[in-house]
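Residue numbers (the working numbering): 6 to 359. Glycine included, each C-beta is placed from N, C-alpha and C at the ideal position. Nothing here was measured: the structure is a model prediction, and the numbers come from that model.
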């Protein structure tokens with residue numbers, strides 16, 4: 006078994022420029038925001054450049070469509086005299102990032118009051134947002150940017166509808182308990198593929214999430230449960246969506262410890278009987294200027310298993326420039342073919358935010 010050591014840079018010259026800017030910058034760049042009579046409008050934009058070194062048994066994951074990540078976020082909201090908040094969030098970037106830091110393609114409006122929050126548009130549902138799991142920072146560790154180059158990410162939470170159009174209701178916290186439900190009439194991914202089996206099309210997809218948290222001494226302890234289900238379009242020949250997880254979390258100041266059990270079964274697979282599940286866990290410490298995290302996951306299915314260990318963190322060089330790094334070790338075994346793929350990946354990123 007021969008190993009390959011490979012290096013690939015995303016916008017290498019851009020990364021150098023951002024680093025030089027970090028050394029020269031001493032003041033925060035002006036914020037793009039406007040506030041007047043209850044209106045609050047904020048525009049955030051930026052760029053992130055990556056470089057990676059990894060040793061892997063397989064060929065590298067191809068990603069030729071971009072040399073640098075660009076992103077923009079627009080947040081608009083108005084607060085009425087009686088405290089009702091009405092607004093919209095728009096988040097876009099030039100490619101889907103593997104980590105959960107820069108969300109792609111989210112466009113939704115919302116209304117928030119003492120009775121809860123209603124969201125309509127492209128947005129993650131409560132099966133994701135209310136679920137506790139291994140805590141992650143910056144590049145995402147076991148569910149992060151490393152998978153652009155090699156390896157497979159951890160599941161972390163239930164398989165859900167991602168950023169499909171949906172209607173979401175999130176209840177207000179009541180004695181530490183908060184719930185949420187969403188409905189997506191038709192969730193699509195890769196819907197333009199010539200081969201229908203490569204498409205993901207779900208009808209009447211529903212996500213349910215429940216979260217409970219209470220202070221216990223100096224700690225805040227919490228538990229969660231999530232479930233997502235929906236009908237697969239027959240043209241895709243995939244199984245229906247049916248996935249769930251239970252998780253727990255403990256916080257004390259900057260320290261966070263969490264983990265989850267995830268069951269995806271053969272949810273939305275091309276073949277039935279895949280029977281996939283995962284156990285994940287981790288710990289993070291987040292301060293104002295820096296943060297670190299370590300996480301691990303063991304994922305098993307009927308024909309494979311995946312073991313991941315990741316550590317990483319970030320450091321804010323200036324109010325606008327952040328340096329991020331991850332090191333992830335993975336080992337994938339495929340039972341039917343007796344193939345084992347393992348490796349170690351190091352990813353470094355510089356992000357400029359205005």
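Considering only their Cβ atoms, is the gap separating residue j from residue i smaller than 8 Å?
i: residue 92; j: residue 81; result: yes
i: residue 214; j: residue 86; result: no
i: residue 231; j: residue 135; result: yes
i: residue 241; j: residue 51; result: no
i: residue 78; j: residue 55; result: no
i: residue 94; j: residue 164; result: no
i: residue 329; j: residue 354; result: yes
i: residue 252; j: residue 263; result: yes
i: residue 74; j: residue 99; result: yes
i: residue 59; j: residue 351; result: yes
i: residue 294; j: residue 320; result: yes
i: residue 127; j: residue 116; result: no
i: residue 306; j: residue 162; result: no
i: residue 53; j: residue 356; result: yes
i: residue 145; j: residue 83; result: no
i: residue 102; j: residue 150; result: yes
Would you please state the rounded distance, in angstroms, between the beta carbons of residue i and residue j? I believe it to be under 8 Å.
i: residue 244; j: residue 271; result: 5 Å
i: residue 183; j: residue 129; result: That pair is no contact at about 15 Å.
i: residue 188; j: residue 211; result: 6 Å
i: residue 313; j: residue 298; result: Going by Cβ atoms, the distance from residue 313 to residue 298 rounds to 13 Å, so no, they are not a contact pair.
i: residue 90; j: residue 124; result: That pair is no contact at about 12 Å.
For residue i and residue j, I'd like the C-alpha separation in whole angstroms.
i: residue 379; j: residue 255; result: Here the chain has residues from 6 to 359 only, and residue 379 is not among them.
i: residue 222; j: residue 269; result: 35 Å
i: residue 310; j: residue 349; result: 17 Å
i: residue 226; j: residue 220; result: 6 Å
i: residue 332; j: residue 156; result: 12 Å
i: residue 107; j: residue 148; result: For residue 107, the predicted structure reports a pLDDT of 38, less than 50, and the residue's modelled location is therefore unreliable. A value from the coordinates is still provided. Their backbone Cα atoms lie some 13 Å apart in a straight line.
i: residue 114; j: residue 198; result: 29 Å
i: residue 317; j: residue 296; result: 8 Å
i: residue 10; j: residue 169; result: At residue 10, the pLDDT of 42 sits below 50, so the modelled position is not reliable; the number obtained from the coordinates is stated separately. Spanning the two alpha carbons is a distance of roughly 37 Å.
i: residue 289; j: residue 224; result: 15 Å
i: residue 181; j: residue 260; result: 20 Å
i: residue 121; j: residue 346; result: 47 Å
i: residue 229; j: residue 154; result: 32 Å
i: residue 192; j: residue 234; result: 11 Å
i: residue 239; j: residue 275; result: 11 Å
i: residue 196; j: residue 171; result: 17 Å
i: residue 257; j: residue 175; result: 25 Å
i: residue 177; j: residue 338; result: 44 Å
i: residue 119; j: residue 158; result: 38 Å
i: residue 237; j: residue 246; result: 7 Å
i: residue 267; j: residue 303; result: 10 Å
i: residue 48; j: residue 152; result: 29 Å
i: residue 194; j: residue 308; result: 25 Å
i: residue 248; j: residue 340; result: 23 Å
i: residue 202; j: residue 208; result: 16 Å
i: residue 143; j: residue 324; result: 15 Å
i: residue 250; j: residue 218; result: 17 Å
i: residue 185; j: residue 179; result: 13 Å
i: residue 45; j: residue 36; result: 13 Å
i: residue 61; j: residue 200; result: 30 Å
i: residue 57; j: residue 322; result: 20 Å
i: residue 327; j: residue 190; result: 39 Å
i: residue 40; j: residue 76; result: 23 Å
For residue i, would you say it is in contact with chain D, using Cβ-to-Cβ distances shorter than 8 Å as the test?
i: residue 285; result: Absent from the structure is chain D; it holds one protein chain and no more.
For this session: Assess, as a yes-or-no matter, whether the region 135 to 151 is touched by the region 275 to 294 under the definition of 3 or more beta carbon pairs within less than 8 Å.
Result: yes
For this session: Can you check the region 249 to 281 for any beta strand (DSSP E) of at least 3 residues that lies completely inside it and give the ranges in chain order?
Result: 260 to 270
For this session: Could I get the ranges of all uninterrupted alpha helix (DSSP H) runs contained in the region 125 to 153, with 4 residues as the minimum, in chain order?
Result: 131 to 134
Problem set entry | Contiguous beta strand (DSSP E) assignments of at least 3 residues, all confined to the region 158 to 221 | Those beta strand (DSSP E) runs which fall completely within the region 158 to 221 and span 3+ residues are 170 to 175, 182 to 194 and 205 to 221.
Exercise. Which full runs of the beta strand (DSSP E) of 3+ residues lie inside the region 289 to 337, going along the chain?
Worked result: 295 to 305 and 309 to 321
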